[in-house]
Amino acid sequence: MGGRAPSRADAGRAIEAVWRIESARVVGGLARIVHDVGWAEDLAQDALLAALEQWPQSGIPDNPGAWLMATAKHRAIDQLRRRQMAERRHDELGRRQERERSTSEVDLAAAADDEIGDDMLSLLFATCHPMLSAQARAALTLRLFGGLTTPEIARAFLVSEATVAQRVVRAKRTLAEARVPLEVPTGTELAPRLASVLEVIYLIFNEGYSATAGEDWMRPALCEDALRVGRILAQLLPAEPEVHGLVALMEIQASRSRARVGPNGEPVLLLEQDRSRWDRVLIGRGLQALARAEQLGMLGPYALQAAIAACHARAVTADQTDWGRIVALYDALAQISPSPVVELNRAVAVSMAYGPEAALELVDALVDENALGDYHLLPSVRADLLARLGRVDEARAELARAVALTQNESERRLLSQRAAEL
Amino acid sequence: MRFMMIMIPAVSEEDWPSDPAEMAELPEFTAMGKYNDELNKAGVLLALDGLQPSSKGARVAFAGGKPSVTDGPFTEAKEVIGGYWLIQARSKEEAVEWASRCPANDGDVIEVRQVFEMSDFDGAA
Numbered sequence: 001m002g003g004r005a006p007s008r009a010d011a012g013r014a015i016e017a018v019w020r021i022e023s024a025r026v027v028g029g030l031a032r033i034v035h036d037v038g039w040a041e042d043l044a045q046d047a048l049l050a051a052l053e054q055w056p057q058s059g060i061p062d063n064p065g066a067w068l069m070a071t072a073k074h075r076a077i078d079q080l081r082r083r084q085m086a087e088r089r090h091d092e093l094g095r096r097q098e099r100e101r102s103t104s105e106v107d108l109a110a111a112a113d114d115e116i117g118d119d120m121l122s123l124l125f126a127t128c129h130p131m132l133s134a135q136a137r138a139a140l141t142l143r144l145f146g147g148l149t150t151p152e153i154a155r156a157f158l159v160s161e162a163t164v165a166q167r168v169v170r171a172k173r174t175l176a177e178a179r180v181p182l183e184v185p186t187g188t189e190l191a192p193r194l195a196s197v198l199e200v201i202y203l204i205f206n207e208g209y210s211a212t213a214g215e216d217w218m219r220p221a222l223c224e225d226a227l228r229v230g231r232i233l234a235q236l237l238p239a240e241p242e243v244h245g246l247v248a249l250m251e252i253q254a255s256r257s258r259a260r261v262g263p264n265g266e267p268v269l270l271l272e273q274d275r276s277r278w279d280r281v282l283i284g285r286g287l288q289a290l291a292r293a294e295q296l297g298m299l300g301p302y303a304l305q306a307a308i309a310a311c312h313a314r315a316v317t318a319d320q321t322d323w324g325r326i327v328a329l330y331d332a333l334a335q336i337s338p339s340p341v342v343e344l345n346r347a348v349a350v351s352m353a354y355g356p357e358a359a360l361e362l363v364d365a366l367v368d369e370n371a372l373g374d375y376h377l378l379p380s381v382r383a384d385l386l387a388r389l390g391r392v393d394e395a396r397a398e399l400a401r402a403v404a405l406t407q408n409e410s411e412r413r414l415l416s417q418r419a420a421e422l
Numbered sequence: 423m424r425f426m427m428i429m430i431p432a433v434s435e436e437d438w439p440s441d442p443a444e445m446a447e448l449p450e451f452t453a454m455g456k457y458n459d460e461l462n463k464a465g466v467l468l469a470l471d472g473l474q475p476s477s478k479g480a481r482v483a484f485a486g487g488k489p490s491v492t493d494g495p496f497t498e499a500k501e502v503i504g505g506y507w508l509i510q511a512r513s514k515e516e517a518v519e520w521a522s523r524c525p526a527n528d529g530d531v532i533e534v535r536q537v538f539e540m541s542d543f544d545g546a547a
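So the protein sequences, as listed, match chains A and B. If you use the working numbering, the first sequence closes out at 422, no skipped numbers anywhere. If you use the working numbering, the second sequence closes out at 547, no skipped numbers anywhere.
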């Protein structure tokens with residue numbers, strides 16, 4: 001046997017693992033050659049099929065990525081040639097022949113790092129294109145860039161495999177019909193396109209973060225997938241502060257995942273969490289990423305949220321939290337990314353830094369504006385402030401209101417418990 | 423999921439150059455640096471550390487309810503750990519694939535072990 005032999009029945013899973021590692025690079029590289037994400041994926045999948053057929057006998061090659069790329073490229077050149085002959089357009093012919101010559105001469109193992117990086121970036125910007133729906137972007141990104149299988153994505157998002165398959169197919173068709181160029185956006189284009197990418201990554205993260213204990217493990221695993229994509233992006237676009245900001249936010253949020261759920265599966269509030277369960281490796285990574293964002297200039301919304309999360313992460317116990325700093329950060333966040341939820345969170349920070357009276361004024365203003373409608377956390381926060389001011393009956397009424405507004409069973413239990421404890 | 427990849431080198435570190443500058447000159451060092459970079463670029467590296475030679479270390483052994491200390495080097499020990507990586511992976515196969523790509527020397531062994539999640543310890547309600 002020439003290559004490394006995967007253990008018997010695990011051959012399929014071993015090759016799947018290789019695919020997860022190599023997919024972004026392979027699909028990205030192919031997309032540059034054939035100028036179409038869907039076509040690139042088909043070629044890559046064909047190469048994967050070939051691997052699944054051959055590697056159990058021949059063993060996993062020393063450079064599996066290069067094997068997949070070479071196999072897919074030969075097929076690509078073949079198909080391009082056949083298209084050439086079908087189209088018979090002179091200028092097309094000339095251009096394609098040139099392209100073919102250069103691709104057949106390229107030794108993939110020696111391909112420049114920044115070329116591979118560019119290919120991966122172009123792919124990510126395509127799978128996250130704003131013309132696609134958020135769900136489509138998430139599915140396409142996890143498939144082509146993340147190397148997840150359709151069943152894995154379906155399990156993670158609690159939808160059927162057929163739904164995911166459809167989303168992916170339609171997304172690829174939309175991109176093809178719109179002739180979306182496969183390139184890294186530049187100039188004024190970059191900011192909005194990057195915002196779209198970050199939005200998708202954070203959506204995937206939140207889907208995983210919202211998973212409750214006891215659910216399919218592939219759901220919370222989405223947090224790791226999002227972190228992986230985010231970290232890769234941070235390497236590919238190191239000069240973009242909001243990329244580091246988002247990674248920092250995700251690392252720090254993920255650091256709390258082992259402390260967020262109590263022994264009976266009930267959610268544990270941040271201030272009540274056992275901080276010895278906070279993952280210090282992830283906190284360290286998050287603080288590093290935040291420092292990188294801060295070095296690059298003015299903090300954007302993700303970086304500000306990360307900075308707030310960092311304040312909590314740095315506090316060894318809840319009462320060591322630097323609430324004054326958190327208020328200042330919320331002030332900044334309210335300036336650049338205002339929303340009623342930000343105002344509410346800011347009010348909570350104000351209550352911790354300056355007392356419940358000041359905070360109650362802010363919360364009452366939110367109630368008057370009625371911007372938060374049926375958001376159960378509004379009466380919940382108001383209840384907490386009233387209780388701290390000794391206005392117990394009013395607090396109880398607010399908690400009842402909060403219970404009525406939430407469908408979540410464990411939330412209801414928590415709120416009712418608080419009411420009983422008053 | 424997380425995995426620890428534990429490097430158990432064939433060569434005892436007494437044979438390594440003790441000077442970090444000298445160590446950095448070794449071709450293995452640059453190859454390893456490149457490997458660590460690959461792990462980082464793939465977004466899966468969480469932490470890594472190289473351990474100083476066992477000659478600088480100590481072992482605390484427990485017998486009869488009491489600890490006893492032996493200073494290094496541990497010449498009788500068959501497997502002295504050289505370092506570790508902590509990575510995230512979706513499966514043991516993926517962790518094994520990464521370990522397989524390490525530019526290790528003949529005789530080196532990398533042990534791959536999954537890390538317990540704290541939630542693994544929580545009893546059922």
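Yeah, the Cβ is synthetic: ideal placement off N, Cα and C, and Gly gets one too. Every value quoted in this text rests on a predicted model; they were computed, and no experiment measured them.
{"Asked": "What residue range does the alpha helix (DSSP H) around A/Ala351 cover?", "Found": "At residue 351 of chain A the sequence reads Ser, which differs from the Ala that was named. A/Ser351 -> alpha helix (DSSP H) spans 340-354."}
{"Asked": "Looking only at DSSP bridge pairs, what is B/Thr492 linked to?", "Found": "B/Arg481"}
{"Asked": "Taking Cβ positions only, does A/Glu105 come closer than 8 Å to chain B?", "Found": "At A/Glu105, the pLDDT of 42 sits below 50, so the modelled position is not reliable and the matter cannot be decided from this model."}
{"Asked": "Where does A/Met298 land, buried or exposed, given buried means 16+ other C-beta within 10 angstroms?", "Found": "exposed"}
{"Asked": "Under 8 Å between C-beta atoms, does A/Asp119 make it to chain B?", "Found": "no"}
{"Asked": "Alpha carbons only, please: which of A/Gly373, A/Gly230, A/Gln57, A/Leu386 is nearest the one belonging to A/Ala358?", "Found": "A/Leu386"}
{"Asked": "Quick one: grab the DSSP three-state call for A/Leu372.", "Found": "coil"}
{"Asked": "Which residues of chain B have a Cβ atom closer than 8 Å to the Cβ of A/Ala221, listed in chain order?", "Found": "Met423, Arg512"}
{"Asked": "If distances are taken between C-alpha atoms only, which option among A/Gly208, A/Leu246, A/Pro64, A/Cys223 comes closest to A/Leu198?", "Found": "A/Leu246"}
{"Asked": "I want to see whether chain A comes within less than 8 Å of B/Gln536, judged by CB atoms only; does it?", "Found": "no"}
{"Asked": "May I ask you to list, following chain order, the residues of the segment 14-30 of chain A that have a beta carbon less than 8 Å from some beta carbon of chain B?", "Found": "Ala14, Glu16, Ala17, Val18, Arg20, Ile21"}
{"Asked": "Looking only at its own chain, which residues have a Cβ that is under 7 Å from the Cβ of A/Asp36, when we skip the five neighbours before and after it?", "Found": "Ala176"}
{"Asked": "Taking B/Ala446 as the query, report the chain A residues whose CB atoms sit under 8 Å from its CB, ordered along the chain.", "Found": "Here the premise fails: no neighbours, minimum Cβ distance about 21 Å."}
{"Asked": "Between the alpha carbons of A/Ala332 and A/Leu304, how many angstroms are there, rounded?", "Found": "8 Å"}
{"Asked": "Exposed or buried, what is A/Glu53 when buried is set at 16 or more other beta-carbons lying within 10 Å of its beta-carbon?", "Found": "exposed"}
{"Asked": "Quick check on the burial criterion: 16 or more other C-beta atoms within 10 angstroms. Buried or exposed for A/Val261?", "Found": "buried"}
{"Asked": "Indicate the three-state DSSP secondary structure (helix, strand or coil) for B/Leu533 in the structure shown.", "Found": "Reading off the sequence shown, one finds Glu at residue 533 of chain B, where the question assumed Leu. Strand, per DSSP."}
{"Asked": "Counting only beta-carbon atoms, is B/Ala453 nearer than 8 Å to chain A?", "Found": "no"}
{"Asked": "Out of curiosity, what's the CA-to-CA distance linking A/Leu282 and A/Tyr375?", "Found": "31 Å"}
{"Asked": "Let me know the secondary structure DSSP gives A/Asp42 once reduced to three states.", "Found": "helix"}
{"Asked": "Report yes if the CB atom of A/Ala395 is closer than 8 Å to the CB atom of A/Leu422, and no otherwise.", "Found": "yes"}
{"Asked": "Across which residues does DSSP place B/Gln510 in a beta bridge pair?", "Found": "B/Arg424"}
{"Asked": "For the 8 Å Cβ check, are there 3 or more pairs between the segment 221-237 of chain A and the segment 164-173 of chain A?", "Found": "no"}
{"Asked": "Could you check how far apart the C-beta atoms of B/Leu473 and B/Gly504 are, in whole angstroms? I think they sit under 8 Å.", "Found": "6 Å"}
{"Asked": "Residues bridged to A/Pro267 by DSSP?", "Found": "A/Val261"}
{"Asked": "Inspect the beta-carbon positions of A/Ala428 and A/Val27 and report whether they are closer than 8 Å.", "Found": "Because chain A in this structure spans residues 1 to 422, residue 428 of chain A falls outside the shown range and cannot be described."}
{"Asked": "Measuring alpha carbon to alpha carbon, tell me which residue in B/Ala480, B/Ile532, B/Glu498, B/Ser513 is nearest B/Ser490.", "Found": "B/Ala480"}
{"Asked": "Look up A/Leu132 in the DSSP assignment and say whether it is helix, strand or coil.", "Found": "coil"}
{"Asked": "Is the Cβ of B/Val466 closer than 8 Å to any Cβ of chain A?", "Found": "yes"}
{"Asked": "Evaluate A/Ser102 with the Cβ neighbour count: other Cβ atoms within 10 Å of its Cβ, from every protein chain shown; 16 or more gives buried, anything less gives exposed.", "Found": "Here A/Ser102 scores only 47 on pLDDT, less than 50, and its place in the model should not be relied on; the value that follows carries that caveat. That one is exposed."}
{"Asked": "Taking the alpha-carbon positions, what's the B/Trp520 to A/Ala66 distance?", "Found": "16 Å"}
{"Asked": "Could you give the DSSP three-state label for B/Ala469: helix, strand or coil?", "Found": "strand"}
{"Asked": "Just confirm the distance between the C-beta atoms of B/Arg512 and A/Ala221, as a whole number of angstroms; I'd bet it's less than 8 Å.", "Found": "7 Å"}
{"Asked": "Establish whether the CB of B/Ala469 and some CB of chain A are separated by less than 8 Å.", "Found": "yes"}
{"Asked": "Can you list, in chain order, the residues of its chain whose CB lies under 8 Å from that of A/Thr317, leaving out five sequence neighbours each side?", "Found": "Arg275"}
{"Asked": "Does the CB of A/Gln235 have a neighbour CB from chain B at under 8 Å?", "Found": "yes"}
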